[in-house]
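S.K.: Structure incoming, see below.
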Amino acid sequence: MEDTGHNHMDKTTSRDEELAEQRRLAGEYVPAYDGLLVSQKLSTELIHEEYATGDIAYQVKTSNLSKDFGFFRKIRGDGNCGFRAFYFGLLEVLIELGDENLLKAQKTRFNEVNGLLVRSGVDSIIWEDWVEATNRLLNLLISTKHKEERLEALFTAFNNEDDMSDEHSRELLTHLRFLISYHIKENPEQYKHFVPDGSIDAYCSSLETVSAEMDEVSLTAAHNMLSSAAGINIEVLYLDRSIGNSVTRHKWEPEKEKVRGVITMLFRPGHYDLAYPRENAPS
Amino acid sequence: MAGAFASRRLQRELPKLQATTSPGIKLVSATDLQEWLIDIQVMDSAHPLYAGQTYRLRFRFSGKYPIEAPEVMFIRATAASCWDQKPRSIPMHPHIYSNGIICLDLLDKAGWSPVQNVESVSMSLQSMLAGNYKNERPEGDEVFVRTNTQRPRDVNFEFHDDDC
């Protein structure tokens, strides 16, 4: 993959650095850029090492984190990290479960919620490419027969930013972003108490710009629409300066009693990564 | 070079735009999928600034369109080069610099939404003109026009207030 990060003009770079510094000062986590949109699984020891010279609260929490969660994936922090982590995590969990029918059911679920786009009244020329991107990826995963090959196909699709290609991560994420927005607009009663000033319109207008990041409201909406009914739970590990020796864990329960799998997202203020529990870790 | 998704989207927008029934919006040229020209008119025939005038917009698309905003600006054109034999100038507006660069949040990186399209942007600019009665340029126009070397979409405008 071409690393465009080094082609910025000096002026842009210094502005980017300035912004990054401002975000650091504001206590937000700004991940290092390593070229991939979704990395391979990496040891969580790396997270601990990142804070080796930093805040003691983070040193303790990251040390404990790696006891229960052995691996993580770095997700590119470009405003899409939360959407990218959720969408990749959902499909990865379904693939890991090893049942092709779960992928087929997820494709059906996507096609059902695509009704939101139809009912929105927005011209289909606007969204049909995004719907197609998701369908193409799910068809590819379903027709690929081995788990390892499926994971490889998922990894490739989510890391593909080649403008000329049909397998494209930007369209996948835009599809998810608009599904979430239209789901919230169709169910205002469910969400209006959780958005700023109770304004669904303002919240969704912002969500529909490509720079708005995922928050708990949009994550909840994504879960209600796409993972809950699949029996997939979401757990967020909050790594921040709050009191305690461990990350704060919060679960979004699925609507079915049977939990098939869990998407674990590691949250640092301003950023989501994916995390993976060790086998014997307490759940 | 337009990317696969950008090309598909623009190929779908084109026939809609050619057949558009939006008054005051006319596709002038779209010879490729990289640069389109659109003429817009303010439909208010009593408008003190824009009545009877036609203005020309130039859209440029990157391979990341529509996830990324197109570059949109007003351009000048000679009478001889226009279908109605009338020249195109840059409309006077507190958010339009005299070099044609437009300060509008929906065209900015942070304000752009991929639900926008060529026609909706043209309509927004049309109403941006229609609602304006100030015969003036943005503050600092002269300096900006003389010194700006950035492409329109790389300019970092502040949208904290009405001034650019």
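Protein sequence lines correspond, in order, to chains A and B.
Per the UniProt record's numbering, the very first residue in the first sequence carries number 1; after that it's consecutive.
Per the UniProt record's numbering, the very first residue in the second sequence carries number 1; after that it's consecutive.
For every residue, glycine included, the Cβ atom is placed at its ideal position computed from N, Cα and C.
Predicted model, so just to flag it, every value in this text is computed and none were measured.
(1) With DSSP collapsed to three states, give me the class of M43/B.
(2) To be precise: take each residue of the stretch 163 to 189 of chain A, compare its Cβ to all Cβ atoms of chain B, and keep it if any distance is under 7 Å. Which residues remain?
(3) Under 8 Å, Cβ to Cβ, is there at least one residue of chain B near S43/A?
(4) Look up D161/B in the DSSP assignment and say whether it is helix, strand or coil.
(5) Determine the direct distance from the alpha carbon of I200/A to that of H193/A, and round the result to whole angstroms.
(6) For chain A, is any of its Cβ atoms less than 8 Å away from the one on V115/B?
(7) Quick one, are the C-beta atoms of K109/B and D163/A less than 8 Å apart?
(8) Hey, is W112/B's beta-carbon within less than 8 Å of any beta-carbon in chain A?
(9) Taking three-plus beta-carbon pairs below 8 Å as touching, is the stretch 78 to 87 of chain A in contact with the stretch 269 to 276 of chain A?
(10) So, with DSSP's three-state summary, where would you put W252/A?
(11) In the stretch 118 to 143 of chain A, which residues sit with their C-beta less than 7 Å from some C-beta in chain B, listed in chain order?
(12) Suppose only complete runs of 4+ residues qualify. What are the alpha helix (DSSP H) ranges in the stretch 82 to 162 of chain A, listed by chain order?
(13) If you follow the beta strand (DSSP E) that K185/A is in, where does it begin and where does it stop?
(14) Which residues, taken in chain order from the stretch 65 to 79 of chain B, show a beta carbon closer than 7 Å to some beta carbon of chain A?
(15) Whole angstroms are fine: how far does the CA of G52/B sit from the CA of H183/A?
(16) Tell me, to the nearest whole angstrom, how far the beta carbon of S98/B is from that of R137/B; I am working on the premise that it is less than 8 Å.
(17) Compare the C-beta of K86/B with all C-beta atoms of chain A and state if any pair is closer than 8 Å.
(18) Determine the DSSP secondary structure at T220/A, reduced to helix, strand or coil.
(19) Output the boundary residues of the beta strand (DSSP E) element that contains P277/A.
(20) Taking contact to mean 3 or more Cβ pairs, one atom from each stretch, closer than 8 Å, check whether the stretch 39 to 54 of chain B and the stretch 121 to 140 of chain B are in contact.
(21) By how many angstroms is the C-alpha of D105/B removed from the C-alpha of W112/B?
(22) Can you pull the chain A neighbours of F5/B, defined as C-beta to C-beta under 7 Å?
(23) Which of the three DSSP states is assigned to L129/B in this structure?
(24) So the candidates are K104/A, F178/A, V93/A; which of them puts its Cα closest to the Cα of A221/A?
(25) Might you give, ordered along the chain, the residues of its own chain that have their beta carbon closer than 8 Å to the beta carbon of L173/A, omitting 5 neighbours on each side?
(26) Select from the stretch 193 to 218 of chain A all residues with a C-beta closer than 7 Å to any C-beta belonging to chain B, and list them in chain order.
(27) When you compare each of L107/B, H95/B, D39/B, Y133/B to residue 252/B by their alpha carbons, which one comes out closest?
(28) Name the one or two DSSP bridge partners that W36/B has.
(29) Leaving out the 5 sequence neighbours to the left and right, which residues in its chain are closer than 6 Å to D161/B when beta-carbon positions are compared?
(30) Mapping DSSP to helix, strand and coil, what is A51/B?
(31) Helix, strand or coil for E50/A per DSSP?
(32) Around the C-beta of S181/A, are 16 or more other C-beta atoms found within 10 angstroms, so that it is buried, or is it exposed?
(33) Pull the bridge partners of T21/B from the DSSP assignment, please.
(34) Okay, do the stretch 91 to 100 of chain A and the stretch 151 to 159 of chain A touch, 3+ Cβ pairs below 8 Å being the bar?
(35) Among E142/B, E68/B, M73/B, P114/B, which residue has its Cα nearest to the Cα of S122/B?
(36) Would you mind reading off the limits of the beta strand (DSSP E) that contains L266/A?
M.R.: Quick look at the numbers:
(1) Coil at M43/B, not helix or strand.
(2) Residues of the stretch 163 to 189 of chain A that bring their beta carbon within less than 7 Å of a beta carbon in chain B comprise D163, M164, S165, D166, H168, R170, E171, T174, in sequence order.
(3) No, because no Cβ of chain B sits closer than 8 Å to the Cβ of S43/A.
(4) With a pLDDT of only 48 at D161/B, under the threshold of 50, the placement of this residue in the model should not be trusted, and no figure is reported.
(5) Looking at the backbone, the Cα of H193/A and that of I200/A are separated by about 9 Å.
(6) For V115/B, the answer is yes, since a Cβ of chain A falls inside 8 Å of its Cβ.
(7) Contact: no.
(8) With 8 Å as the cut-off, W112/B counts as an interface residue toward chain A.
(9) With the cut-off at 8 Å, the stretch 78 to 87 of chain A and the stretch 269 to 276 of chain A touch.
(10) In the structure shown, W252/A sits in a strand (DSSP, three-state: E or B).
(11) Those residues of the stretch 118 to 143 of chain A that come within reach of chain B (Cβ to Cβ, closer than 7 Å) are V122, I125, I126, D129.
(12) Counting only runs of 4 or more, we get 100 to 113, 115 to 119, 124 to 143, 147 to 159.
(13) Not the beta strand (DSSP E): K185/A falls in the alpha helix (DSSP H), residues 169 to 186.
(14) Per Cβ criterion, the list reads I67.
(15) About 44 Å.
(16) Sure, about 6 Å apart at Cβ, within 8 Å.
(17) It does not: the Cβ of K86/B has no partner Cβ on chain A nearer than 8 Å.
(18) Three-state result, T220/A: helix.
(19) Per DSSP, P277/A belongs to the beta strand (DSSP E) from 271 to 277.
(20) Segment contact: the stretch 39 to 54 of chain B against the stretch 121 to 140 of chain B, three or more CB-CB distances shorter than 8 Å; contact assigned.
(21) Answer to the nearest angstrom: the Cα atoms are 7 Å apart.
(22) Chain-ordered, the chain A residues with CB closer than 7 Å to the CB of F5/B read D129, H168, E171.
(23) Secondary structure of L129/B (DSSP, three-state): helix.
(24) Among K104/A, F178/A, V93/A, the Cα nearest to that of A221/A belongs to F178/A.
(25) Around L173/A: N80, F83, R84, Y87.
(26) Within the stretch 193 to 218 of chain A, the residues whose Cβ lies closer than 7 Å to some Cβ of chain B are E208, T209, V210, S211, listed in chain order.
(27) Any answer about residue 252/B is impossible in this case: the structure gives chain B only from 1 up to 164.
(28) F59/B, per the DSSP bridge assignment.
(29) Reliability of the predicted coordinates at D161/B is poor, the pLDDT of 48 falling under 50, and the value obtained from them is presented with this limitation in mind. No residues qualify anywhere along the chain.
(30) Coil, per DSSP.
(31) DSSP places E50/A within a helical segment (H, G or I) once states are collapsed to three.
(32) So S181/A ends up on the buried side.
(33) BP columns for T21/B are empty, so no partner.
(34) Judged by Cβ distances under 8 Å, the stretch 91 to 100 of chain A makes contact with the stretch 151 to 159 of chain A, as three or more pairs qualify.
(35) It is M73/B whose Cα lies nearest to the Cα of S122/B.
(36) 261 to 268 is the extent of the beta strand (DSSP E) around L266/A.
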